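*Asks:* What follows is a structure written as structure tokens; I'll ask about it next.
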Amino acid sequence: RRAGAKGYRLRLVAGAAVDHPARSSWVEIAEKARRVKGGQIAAGGRARRAAWFVRTLLPPVRAVWRFPR
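With the numbering used here, the residue at position 38 of the sequence shown is 161, and numbering never jumps.
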């Protein structure tokens, strides 16, 4: 979006390859997840931040609710 907004044209090129290293440890995966979730929560207004916060808590709450059954 930002490139298009600045006037760049994007196109697909046959044979192009993009490479980036995979996360090599659980620590790296956790750091990425924390960074991404933090960005989601910080983005937008107060209502949007509250919605992201609630969505973040839903999976653990569901697990605790279902566990005793």
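C-beta: ideal position from N, C-alpha, C; glycine also. What you are looking at is a predicted structure, and each value in this text was computed from that prediction instead of being measured.
Just the Cα atoms here: how many angstroms apart are A174 and A153?
*Replies:* Whole-angstrom Cα-Cα distance: 22 Å.
*Asks:* Look at the alpha carbon of A166 and the alpha carbon of R125, and state the distance between them as a whole number of angstroms.
*Replies:* Whole-angstrom Cα-Cα distance: 17 Å.
*Asks:* On a Cα-Cα basis, can you pick out the residue from A170, D142, W149, L180 that is closest to K160?
*Replies:* Comparing Cα-Cα distances from K160 to each of A170, D142, W149, L180, the minimum goes to L180.
*Asks:* Assuming R146 and K155 are in contact, meaning their beta carbons sit under 8 Å apart, how far apart are those beta carbons, in whole angstroms?
*Replies:* 6 Å between Cβ atoms; contact.
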